[in-house]
Each structure stands twice: as C-alpha cells, then as structure tokens.
Amino acid sequence: MSAQFQPSAQFQPREKTRVRAANAMAAELVAQGVSHIFGHPGGASLPLYDALLSAPITHLLMRHEQCAAHAAQGYARATGRPGVCLATSGPGATNLITGLADAMLDSTPIVAITAQVATPLLGRDGFQEADILGMTAPVTKHNWLVLEPQELPGTIREAFRLASSGRPGPVLVDVPRDVLQAEIAWEEGSVTAPLPPRRADPVGLRRAAFAISNAKRPILYVGGGVISSGASAELRRLAKKTRIPVTTTLMGKGAYPETDALSVGMLGMHGTAYANWAMNGSDLIIAVGARFDDRITGKLATFAPHAKVVHIDIDEVEIGKNRKADYPLHGDARAVLQQLLPLVGAPDTADWWKEIEAWKAKAPLGYREEGDVILPQFAIDRLWRLTRDLRPIVTTDVGQHQMWAAQFWKCDEPGMFITSGGLGTMGYGLPAALGAQCGRPDRLVINLNGDGSFQQTMQTLATAVEARLPLKIIVLDNQGLGMVRQWQDLFYDRRFFSVALKNPDFAKLAEAFGAVGFTVRRPDELDAVYEKALAVTGGPALVHVVTEPTENCFPMWPAGQSIDTMVVEDPKYAAKSTKKS
Numbered sequence: 001m002s003a004q005f006q007p008s009a010q011f012q013p014r015e016k017t018r019v020r021a022a023n024a025m026a027a028e029l030v031a032q033g034v035s036h037i038f039g040h041p042g043g044a045s046l047p048l049y050d051a052l053l054s055a056p057i058t059h060l061l062m063r064h065e066q067c068a069a070h071a072a073q074g075y076a077r078a079t080g081r082p083g084v085c086l087a088t089s090g091p092g093a094t095n096l097i098t099g100l101a102d103a104m105l106d107s108t109p110i111v112a113i114t115a116q117v118a119t120p121l122l123g124r125d126g127f128q129e130a131d132i133l134g135m136t137a138p139v140t141k142h143n144w145l146v147l148e149p150q151e152l153p154g155t156i157r158e159a160f161r162l163a164s165s166g167r168p169g170p171v172l173v174d175v176p177r178d179v180l181q182a183e184i185a186w187e188e189g190s191v192t193a194p195l196p197p198r199r200a201d202p203v204g205l206r207r208a209a210f211a212i213s214n215a216k217r218p219i220l221y222v223g224g225g226v227i228s229s230g231a232s233a234e235l236r237r238l239a240k241k242t243r244i245p246v247t248t249t250l251m252g253k254g255a256y257p258e259t260d261a262l263s264v265g266m267l268g269m270h271g272t273a274y275a276n277w278a279m280n281g282s283d284l285i286i287a288v289g290a291r292f293d294d295r296i297t298g299k300l301a302t303f304a305p306h307a308k309v310v311h312i313d314i315d316e317v318e319i320g321k322n323r324k325a326d327y328p329l330h331g332d333a334r335a336v337l338q339q340l341l342p343l344v345g346a347p348d349t350a351d352w353w354k355e356i357e358a359w360k361a362k363a364p365l366g367y368r369e370e371g372d373v374i375l376p377q378f379a380i381d382r383l384w385r386l387t388r389d390l391r392p393i394v395t396t397d398v399g400q401h402q403m404w405a406a407q408f409w410k411c412d413e414p415g416m417f418i419t420s421g422g423l424g425t426m427g428y429g430l431p432a433a434l435g436a437q438c439g440r441p442d443r444l445v446i447n448l449n450g451d452g453s454f455q456q457t458m459q460t461l462a463t464a465v466e467a468r469l470p471l472k473i474i475v476l477d478n479q480g481l482g483m484v485r486q487w488q489d490l491f492y493d494r495r496f497f498s499v500a501l502k503n504p505d506f507a508k509l510a511e512a513f514g515a516v517g518f519t520v521r522r523p524d525e526l527d528a529v530y531e532k533a534l535a536v537t538g539g540p541a542l543v544h545v546v547t548e549p550t551e552n553c554f555p556m557w558p559a560g561q562s563i564d565t566m567v568v569e570d571p572k573y574a575a576k577s578t579k580k581s
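Per this note's numbering, numbering of the sequence shown is gapless, rising by one per residue and ending at 581.
Here you go:
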C-alpha cells in the first residue's frame, strides 16, 4: 500500500469481502503506487471509472487516447515508475497503439488498461469491438485478456511487475465490461516486486575488463538503458577512473553530465562531428544500454571498422543483433558496471584525447549570427542558459527542433531530457510534458515543440489548463515541416511538396484554450519574453517563436550512408561567422 495513502474502510474491503472486480482493480492500482491515470472514458470502461471515483488517484481527462499513452510515457520517464493510461473498447483502445509502439522501442514502462465488450459479444463484431490483443502483441512486452473476474487483481499486479522488470516496456490489460461488473472474493494483495537485476558472467567480465584496461582509443557509448537501470553514478565512476571519453545516444542524454570534460556529446546522424569521428576511429567501443541502431551507425559495413565491442545490455536479443559483440555482457547495466569497476585499470588515453581535442577545435558545435531573424538553435540555447540553474525537465517533439535541442540542451542528470527516439512520433512532446509535470510537480517542465508536431496533439492544452499545470511550451515556428523540407532540399533537388504550413496564431490559440500566450519575432526580444513566460503560475504558458524558415540541421549524413559522408556545416553558410557553443 502506498505510504502516502491511508484508505477508508469504505474503499478498502476487509479480507475475503465480495466486491465488484472493478473496485478490486482500482484498489490494486492504489496498492501499486499509482498516483495519476491518463485516460478517456467510454461505455465499456464505465464500471472502472465508477470505481475510480472513490479512489485516491488523479485522473487526467485527455482529449485523445494517443495523448494518454504519451502522457503515461512522460510520467514514467520523469519518475522511473510505470505510467498508466486507460481507454475504452474499439477506437479508444486502437488509439493507444502509437504510444505503445513508441514505449516499446524506447523501453518505457507503461501499463495500458483497455475495457472490452462483454464476453458474450467477443468475436461477434459487436459495437466497438476490436481485437486489441492481436493488434498490440508486436508492440507490448505482454498483454492479457482477462476472462475470469477472480484473476483480475493478480493480473494487475503481474502487469506492473513485468512492465518494470528486465528491459522496461509497455504492457496491456484488456478487460470485458461484464468482467469488471462481476463480484469476486477479494483481499488486498501486496506489491509484486520486479525481478532481481541480472549480473554478468564473471569470466566474460574479466575478459572485458582486460580489453578496457589495454585499449588505446576506447569510447563509452551510452544509451537509455543506463538511465532505466539507474546506473548513472556507476557510469561516472567508470569514466573518471579510466578517463575514457563518453558519448550518449538521444535516449541516453543525461546519463552522463554533458558539461563534464569527458563528455563528447551526442553521436549519430545529427550528433557532434567529434563524437562521430571518435566513435568511428576507436579501437574499443564499450556499449552500455545501447543498441547500435541505424541513426548511430549509418552504413553498418563501414561503421567503426577497427573497433572491438564490449556490449552490456539487459536484453540478450540486442547483443550482437546489429554489430558483433566481442565481449558480450548480458545483464542489468548498473549491476554489470558495479561488477566491472573493481576489475578495470586506467588505459593510457593521453594521445587519444589530443586527437579528440583537435577534432573539437576543427568542428565545434555552434550556429551563426543572423541579425534580426531568430535561429532555432539560438532560441533553444538562450532558454537553456536562462533556466539551467533551475534544473528543468525538458520534453521535445520530433523533427529539426528535436535535433537542435539534443545538440544545445546540455543535460547533467538523468530524467532531464524526454523525447521520442526509436519511433520518432510527432505529437509526443506536449502530452509527455503533461505526464512529466504530474509525476514531478516540484520541477519546472518545458516542452520544446515545432509548429508541425505541436498541431498533432495541441488539444492536450485543454487538459493542462484544467489541471492548472504550469507547463512552459515553446513552439518554434518555421512555417513548415522542417525535417521533411530539409530532406527535399538536400536529396530531392529542392522539389518541395506538402511541407509548407499555414499556421494559426499560436499565442491566440493558447489563449483560446485558457493558457497564457506570447509571440516573439526578434532575437533581442527573446530573453524578456522567456522571462515573462517563466513567471506565469497557475497554468500553462506558451511562447510562439517565429524562426528562420529555411534553416537546416547539421551535422548530418544521409540515411544509410557511411559516417565519412557526414556534412559538418551547411555549405551555404560555411563562410559566414559562427557562434560556437
């Protein structure tokens, strides 16, 4: 039972009391520590909503079920606890699928609960029936259709255990309406603890430690698995002990302090040039909780041709899936790093660091000065500098702004940067920010968004206003689908099609929802407007930032190509002055 909640006699049934299964289910959610549920009701789910009315759980009425799933993701990523989303049968359930697929690829623990048509209607194409089990099997760790009312409480306990155990991820529990309404004999159960962390094979550990201790050009390649396992402290100790450079994936931002001297920033298609050169020139890659996806490797056949690989991962399937692991270490990142730390010595990396520093000087991350036009990079960089001491949680959506945020928003602790990685889901950022704010009411939460992606789930503003959440929403408006336009610019002979957006006035739109809206068009006005938005309390504030519409995001290499095809800077601006970060 949650330490913060002492249930009333009315809500907590005595041992072996007969109660409706829906009431037992609500009590089990409380026992699992659920504080918030993000959902949208419908006919099949009404028995559970009736039970939740008496439960000490805050329900956020989302305006679309996809938003509910993304909000549950944001809650999970900000707190480390499973987020919960709730939908009714048929279209309510199917609307969750995008969020479940996103959570699956990004290893985010969420528990999705869907109501289903009554059991006599199953398989008969009843009103709002959908085979949600079949549809979600590929995008969940496991799913259940509960046909026996007595099994419902135990299924809920198992769902939470599985979502958090091993490689975290989404699960789904589908419950027919008549099962929710049935009476069962129930007594309160206990919280089911996750499985203990898996430790690596000792022989493999010693081999990996020897390779690390004797490497000449090693690099730590860090993914979201370090954050999921709570291994950031162990990672820092390993990096400091060995003086090995650290690069992180998009999902790994914050696992290692990006302002630290050993950090070379994010790598990948839009990562720093020097991180990519270091990765490609290394002789030993120590991959921790990362999966060698295509946005990191480019053309696999030419990726890091001289490097051996130590691969630490909780998911054995990922080890060797894309890149051969010379030293496979199957286990929880934190447990394995704890095992590894006393075994490794410090390799001689002095010459390696000289080379990396030369690369940093050759291609520093930066942006050019642009007069009266606001560059997206400048808008992000200024906000980071204004708020960094406040330790905000930032969520992004997907597109150019996401990559600029990954470049210029430096994170020094885990859980500060929440974004959609593997699936790249437009519409993720605003509902994820709402979920993060619910989970961490003590922290400033900022959503960095683009004009295209904001319009996919902007209805979430209504929920944020109702809940009086003090979100800060920054809409970078380049009047188009920037990343798609960039690809048409670079790879399709500038044959622009279906990328220009005729946008509303986003500040007035925010006001229509009941939020506070600001618009800024000049660089010299930006800080003052940001300060006004940061001062807003009692509800969300949106800043509409009108930016340069033709700016492209660099560094970049073409998808599927070798890293040596990377273009560090937009050629049309190479001769102009650049502000270095």
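Glycine is no exception: its CB is placed at the ideal position from the N, C-alpha and C atoms.
For clarity, every value in this text was computed on a predicted model and none was experimentally measured.
For residue j and residue i, the rounded distance between their alpha carbons
i    : j    : result
E148 : L86  : 20 Å
P555 : D313 : 28 Å
N23  : A44  : 15 Å
G320 : P328 : 8 Å
C553 : T387 : 23 Å
V226 : V373 : 39 Å
G371 : F378 : 11 Å
A363 : Y274 : 7 Å
Q116 : G223 : 37 Å
V546 : L383 : 15 Å
A325 : I563 : 20 Å
A533 : A103 : 31 Å
A436 : R391 : 14 Å
P13  : V19  : At P13, the pLDDT of 43 sits below 50, so the modelled position is not reliable; the number obtained from the coordinates is stated separately. If I take the Cα positions, the gap works out to 8 Å.
G482 : V475 : 13 Å
L633 : L461 : Residue 633 lies beyond the range of the chain shown here (1 to 581); nothing can be said about it.
D293 : M266 : 14 Å
H544 : A307 : 46 Å
E28  : A304 : 49 Å
G268 : M279 : 10 Å
Where residue i falls: helix, strand or coil (DSSP)
i    : result
Y428 : coil
H70  : helix
F659 : Any property of residue 659 remains undetermined from this structure, which presents the chain solely from 1 to 581.
F127 : coil
N95  : coil
L375 : coil
V536 : coil
H59  : strand
Y492 : coil
K240 : helix
T463 : helix
C85  : strand
D50  : helix
S562 : coil
R14  : With a pLDDT of 47 at R14, under the threshold of 50, the modelled position of this residue cannot be trusted; read the value that follows with caution. Here R14 sits in coil by DSSP.
H270 : coil
A118 : coil
N23  : helix
G514 : coil
Near the ligand COA: residue i beta-carbon under 6 Å from a heavy atom
i    : result
F554 : Among the ligands in the structure shown, none appear at all, so the ligand COA cannot be discussed.
Check whether residue i and residue j have beta carbons under 7 Å apart
i    : j    : result
G289 : R199 : no
H270 : M403 : yes
P56  : P82  : no
A255 : T247 : no
L162 : L145 : no
P549 : Q479 : yes
D397 : Y428 : yes
E234 : C411 : no
K113 : V173 : As written in the sequence, residue 113 is Ile, which differs from the Lys given in the question. Yes.
H70  : G39  : no
I37  : V111 : no
D125 : G421 : no
Opposing strand residues paired with residue i [DSSP bridges]
i    : result
V179 : Looking at the DSSP assignment, V179 forms no beta bridge with any residue, so it has no partner.
V567 : M556
W384 : For W384, which the question treats as bridged, DSSP gives no partner whatsoever.
I285 : I219, V309
H142 : V171
Below-7 Å beta-carbon distance, residue i vs any chain C residue
i    : result
M556 : No chain C is part of this structure, which consists of one protein chain only.
Hey, is the segment 444 to 451 in contact with the segment 468 to 476, meaning 3+ C-beta pairs nearer than 8 Å? yes
Measuring CB atoms only, is the segment 502 to 512 touching the segment 341 to 361, in the sense that at least three cross pairs come out at less than 8 Å? no
Evaluate contact between the segment 204 to 215 and the segment 173 to 193, counting only Cβ atoms and requiring at least three cross-stretch pairs below 8 Å. no
For the segment 496 to 504 and the segment 335 to 352, state whether three or more C-beta atom pairs, one from each stretch, are separated by less than 8 Å. no
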